[in-house]
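What follows is a single structure, written as structure tokens, with notes after it.
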Ligand SMILES: *Cc1c(COP(=O)(O)O)cnc(C)c1O
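Numbering (my numbering), first residue to last: 4 to 384.
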């Protein structure tokens with residue numbers, strides 16, 4: 004098989020009638036002649052030429068059997084979950100979850116008669132929560148915001164023995180750093196809005212499955228819930244993916260250097276990065292990841308009321324939500340992604356008021372270090 008970098012640039016063959024074009028054409032038609040085709044060319048869900056290309060490319064990048072794009076990460080996530088769980092079923096989620104997924108589990112799934120439990124990181128905790136009606140185990144690794152790591156192989160084996168489906172949100176890692184299906188996971192989902200799109204300008208989602216047997220079921224759910232992606236956006240996804248390996252490799256390097264730098268600073272109390280031996284998930288990350296990613300969090304040892312001044316003083320890194328793009332972004336989870344939780348819930352998750360989550364971009368890392376340094380001094384004076 005061609006290497007990952009090459010597959011990003013030359014993903015799947017163009018159709019024979021592409022007139023010598025180097026990039027894929029965009030086919031906007033939502034209707035296709037059915038008379039001469041032996042079977043419907045693009046059955047259901049408007050899954051036309053460009054959508055099928057994105058599905059194939061992502062399946063290739065994650066070494067899955069097939070894939071499909073969605074209009075958002077949440078559309079991919081809800082479709083994956085609702086394809087395999089219904090009334091009287093039970094799902095085990097990992098404890099550290101993207102906020103939208105947590106609310107889906109807390110607010111929407113119970114309305115459909117699905118019960119949910121939450122496990123921390125160890126397979127023993129997942130095992131203890133298994134019930135006869137457990138149909139899905141859903142995990143995020145690395146997870147927001149402390150980059151907690153869940154062992155993919157053990158969870159996949161546990162679920163297989165129980166007859167449950169495993170779904171992994173692979174958003175934080177991207178296929179450059181982690182290939183969940185190779186560890187026995189059934190389905191990988193992404194918020195493509197983050198690393199896959201990579202420019203903070205393209206909301207979409209993708210789902211990649213290891214099994215042809217899941218296809219009909221997932222297609223049917225996807226069609227009814229309707230989160231399809233337009234051909235225009237599919238084209239932009241394909242264009243973004245060409246630089247995925249390049250971007251993520253630089254983000255890995257920058258994040259690693261920043262994590263080491265911040266660890267040595269007197270004003271940073273704690274740095275969470277799965278590539279640091281001090282991180283509780285380090286050993287497992289070394290086993291299942293091919294890079295440690297571009298996300299890190301740290302606790303600034305300055306009074307929490309000075310955090311806004313620190314953020315205001317940054318000149319390169321933008322205080323903004325979202326992540327994975329070429330621009331470095333920073334946020335304080337306690338007042339953004341996790342503000343809906345009570346202080347006690349935040350404390351249980353280990354999210355302190357002075358915790359900052361950094362999505363490292365592809366700028367020169369020395370400039371990023373200077374930006375943080377200068378902003379700390381300004382905030383303290
Ligand atoms: C952003 C995000 C999502 C949701 O994706 P959308 O594209 O915003 O719907 C899901 N999981 C993770 C880990 C995310 O960061």
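Even glycine gets a Cβ: it sits at the ideal position worked out from N, Cα and C.
Cβ distance (whole Å) where residue i is taken to contact residue j below 8 Å
i: residue 288; j: residue 152; result: 5 Å
i: residue 377; j: residue 335; result: About 18 Å separates the two Cβ atoms, so there is no contact after all.
i: residue 180; j: residue 255; result: 7 Å
i: residue 231; j: residue 74; result: 6 Å
i: residue 285; j: residue 150; result: That belief does not hold up - the Cβ atoms of residue 285 and residue 150 are roughly 10 Å apart, past 8 Å.
i: residue 100; j: residue 143; result: 6 Å
i: residue 331; j: residue 278; result: Their Cβ separation, rounded to whole angstroms, is 17 Å, which puts residue 331 and residue 278 out of contact at 8 Å.
i: residue 71; j: residue 54; result: 7 Å
i: residue 221; j: residue 373; result: At roughly 47 Å, the Cβ-Cβ gap does not stay under 8 Å, so residue 221 and residue 373 are not in contact.
Any non-hydrogen atom of ligand 1 within 7 Å of residue i CB
i: residue 142; result: no
i: residue 35; result: no
i: residue 1; result: No information on residue 1 is available, as it lies outside the stretch 4 to 384 that the chain covers here.
i: residue 163; result: no
i: residue 76; result: yes
i: residue 103; result: yes
i: residue 206; result: yes
i: residue 96; result: no
i: residue 232; result: no
i: residue 203; result: no
i: residue 82; result: no
i: residue 326; result: yes
i: residue 174; result: yes
i: residue 53; result: no
i: residue 196; result: yes
i: residue 147; result: yes
Collapsed DSSP secondary structure at residue i in the structure displayed
i: residue 62; result: helix
i: residue 171; result: strand
i: residue 128; result: helix
i: residue 21; result: coil
i: residue 239; result: helix
i: residue 186; result: helix
i: residue 156; result: helix
i: residue 150; result: coil
i: residue 322; result: strand
i: residue 268; result: coil
i: residue 330; result: coil
i: residue 57; result: helix
i: residue 52; result: helix
i: residue 120; result: strand
i: residue 276; result: coil
i: residue 143; result: strand
i: residue 89; result: coil
i: residue 208; result: strand
i: residue 138; result: strand
i: residue 305; result: coil
i: residue 96; result: strand
i: residue 360; result: strand
i: residue 71; result: strand
i: residue 247; result: helix
i: residue 368; result: helix
Between the CA atoms of residue j and residue i - distance to the nearest angstrom
i: residue 11; j: residue 346; result: 43 Å
i: residue 245; j: residue 13; result: 8 Å
i: residue 325; j: residue 177; result: 15 Å
i: residue 190; j: residue 57; result: 16 Å
i: residue 166; j: residue 357; result: 42 Å
i: residue 139; j: residue 312; result: 44 Å
i: residue 470; j: residue 350; result: Nothing can be reported for residue 470, as the shown portion of the chain is limited to 4 through 384.
i: residue 206; j: residue 183; result: 22 Å
i: residue 371; j: residue 194; result: 25 Å
i: residue 80; j: residue 210; result: 8 Å
i: residue 251; j: residue 38; result: 45 Å
i: residue 249; j: residue 290; result: 22 Å
i: residue 59; j: residue 235; result: 17 Å
i: residue 271; j: residue 157; result: 34 Å
i: residue 362; j: residue 224; result: 33 Å
i: residue 112; j: residue 147; result: 21 Å
i: residue 320; j: residue 338; result: 18 Å
i: residue 121; j: residue 36; result: 48 Å
i: residue 141; j: residue 169; result: 6 Å
i: residue 88; j: residue 94; result: 8 Å
i: residue 305; j: residue 383; result: 8 Å
i: residue 3; j: residue 366; result: Outside the displayed span of the chain (4 to 384) sits residue 3, for which this structure offers no information.
i: residue 201; j: residue 260; result: 20 Å
i: residue 241; j: residue 25; result: 12 Å
i: residue 302; j: residue 266; result: 10 Å
i: residue 380; j: residue 309; result: 11 Å
i: residue 196; j: residue 161; result: 31 Å
i: residue 130; j: residue 213; result: 23 Å
i: residue 64; j: residue 115; result: 34 Å
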